[in-house]
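Visitor: I'd like to ask some things about the structure below.
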Amino acid sequence: MPRWGKVLTSLLALAALVAGPVAIATGVIAYRFNDLIGRDDVLTEAAALPAITAKPEYQSWIRKSAGKAPKADGTARNLLILGVDTRKGWSEGQSRSDTIMLVHVDGDGSNASVVSIPRDSYVYIPPVAGKWAGGKTKVNAAYAWGGAPLVVQVVSHLTGLAIDHVVRVDFAGVRKITDTVGGVDVTIARTVHDKRTGVTFEAGEHHLDGKMAEVYVRQRYGLPNGDFDRVKRQQQYLHALASKVTSLGIVANPMKMDAFVTAIAGSLVVDSGMNLAGMVREFSGLRPADLRFTTLPSHGYVRSAAGTANKLSPQECGELFAALYTDTMDDYFSSRPSFSGTSGA
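Sequence positions in the sequence shown follow the working numbering and run 490 to 834.
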């Protein structure tokens, strides 16, 4: 599947997670959903990998910032969102994960912070026998060399966070879920042309069906800030999808609810320890307005064996990781801009 396809698969995963509590509020549907999704042992496999001995690059900044905040009580949850080619195609070496999203749900379940990790982020990846000697390169190489378990290990080492759950999704479900809810509405800030598809998106309000949502979210070339603007579009799409699910009143309509649940479940694979019915109850208070988006801070670029990569900002990344670690994202966003998800490039 082309690169943009893997980008889109991860979008559906987060939309399912955020909109899921809205759409499957009853116990019967929740347990049915729990039975329909695919499962694997990605976290067990990640834990079995050789430990990374390299010192985390942002550790000093994390400690410095975390020391100013109270210790978290352990009730927050960190979910890693990945995309894959097919329900059966999880083996490493077949593709790269071009979009990685870390979703932090506050301990009281009142807010969810979505941190996008751009595919070209320059991070440490440990040695992989016969494939990589170890060192810094683009983060999207981790999936190609070690599958989802290595991505889990790399993100955990980068952020200092334990990953509680992993959600992966098949690209084929993107059109289906978008069309299931009757399309989504987005606001485009400026007129842009996609040379690859020949589509021009005029500035203003747009209603996107499944096909056009794919075009909108996959575009990178022609955007002023390239992949960074594409990340904003991905975040905007997620917010729009969650808002549409809420506005439809799916909970009160058994037929709509059943169709939506079926569309989500047919495309998801989660870690074996993830109980969707339990998460629905735990995070049932989340609404689209409770979503906050940000992107891993970077300044400038660095040349790598894999091409030009994004140079991460040690201090700013450390402050972000510390806020996630101490479950103080409210304080973090109070002094920094966040993306509301309501307008795209």
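Glycine included, C-beta positions come from ideal geometry on N, C-alpha and C.
With three or more beta-carbon pairs closer than 8 angstroms as the criterion, would you say the stretch 671-682 touches the stretch 643-654?
Guide: No: fewer than three Cβ pairs fall under 8 angstroms.
Visitor: Can you tell me where the alpha helix (DSSP H) with M701 in it begins and where it stops?
Guide: Residues 699-707.
Visitor: I'd like to confirm the pairing. Which residues does DSSP put opposite N567 in its beta bridges?
Guide: According to DSSP, N567 bridges with H593.
Visitor: Buried or exposed for S787, going by 16 or more other Cβ atoms inside 10 Å?
Guide: The residue is buried, with at least 16 neighbouring Cβ atoms inside 10 Å.
Visitor: DSSP three-state label for D816, please.
Guide: Correct three-state label for D816: coil.
Visitor: Residue range of the beta strand (DSSP E) that A798 falls in?
Guide: Looking at the DSSP string, the run of the beta strand (DSSP E) that includes A798 is 796-801.
Visitor: If distances are taken between C-alpha atoms only, which option among S761, L591, S554 comes closest to G572?
Guide: Closest by alpha carbon: L591.
Visitor: State the Cα-Cα distance for the pair R492 and A630, rounded to the nearest angstrom.
Guide: Caution applies to R492, whose pLDDT of 47 falls short of 50 and renders its modelled position unreliable; the value that the coordinates give is listed next. So the alpha carbons of these two residues sit roughly 13 angstroms apart.
Visitor: Tell me whether the beta-carbon of Q642 lies closer than 8 angstroms to the beta-carbon of A778.
Guide: The answer is no: Cβ separation not under 8 angstroms.
Visitor: How is T680 classed by DSSP in three states: helix, strand or coil?
Guide: In the structure shown, T680 sits in coil (DSSP, three-state: anything other than H, G, I, E or B).
Visitor: Does the stretch 517-533 come into contact with the stretch 750-766, if we say contact requires no fewer than three beta-carbon pairs (one atom in each stretch) closer than 8 angstroms?
Guide: Touching, yes, given that three or more Cβ pairs across the two stretches are closer than 8 angstroms.
Visitor: Since Y710 is in the beta strand (DSSP E), which residue starts that stretch and which ends it?
Guide: Y710 -> no beta strand (DSSP E), and no H or E assigned at all.
Visitor: Note the first and the last residue of the continuous alpha helix (DSSP H) segment covering Y632.
Guide: Taken as a continuous stretch (DSSP letters only), the alpha helix (DSSP H) holding Y632 covers 630-648.
Visitor: Under DSSP, the alpha helix (DSSP H) around D459 begins and ends at which residues?
Guide: What the structure shows of the chain is the stretch from 490 to 834, and residue 459 is not part of that stretch, so it cannot be assessed.
Visitor: Among Y821, A752, T784, G671, whose alpha-carbon lies nearest the alpha-carbon of S732?
Guide: Of the listed residues, the one whose Cα sits closest to S732 is G671.
Visitor: Going by other Cβ atoms of all chains shown within 10 Å of its Cβ, with 16 needed for buried, is M744 buried or exposed?
Guide: Exposed: under 16 other Cβ atoms inside 10 Å.
Visitor: Which one of T751, D819, E694, K800 has the shortest CA to CA distance from T626?
Guide: The candidate whose alpha carbon is nearest that of T626 is K800.
Visitor: Taking K745 as part of the alpha helix (DSSP H), name the residues at either end of that continuous run.
Guide: Taken as a continuous stretch (DSSP letters only), the alpha helix (DSSP H) holding K745 covers 743-754.
Visitor: Quickly, what does DSSP pair V655 with across the bridge? List them, please.
Guide: Answer is L569, bridged to V655.
Visitor: Grouping DSSP H, G and I as helix and E and B as strand, with all else coil, what is F822?
Guide: Of the three classes helix, strand and coil, the one that applies to F822 here is helix, per DSSP.
Visitor: Do you know offhand how far Q804's Cα is from S554's?
Guide: Distance between the alpha carbons of Q804 and S554: 9 angstroms.
Visitor: Kindly identify the DSSP beta-bridge partner or partners of R528.
Guide: V759, per the DSSP bridge assignment.
Visitor: Who does G693 pair with in a DSSP beta bridge?
Guide: Per DSSP, I677.
Visitor: Would you check if there are 3 or more beta carbon pairs closer than 8 angstroms linking the stretch 592-605 to the stretch 815-822?
Guide: Counting Cβ pairs under 8 angstroms, three or more are found: they touch.
Visitor: Cα-Cα, which of P713, Y710, Y613 is closest to K544?
Guide: Ranking P713, Y710, Y613 by Cα distance to K544 puts Y613 first.
Visitor: Taking the straight line between their C-alpha atoms, what separation do you get for D674 and T735?
Guide: Between D674 and T735, the C-alpha separation is close to 13 angstroms.
Visitor: On the criterion of 16 or more Cβ atoms from any shown chain inside 10 Å, does G789 qualify as buried, or is it exposed?
Guide: So G789 counts as exposed.
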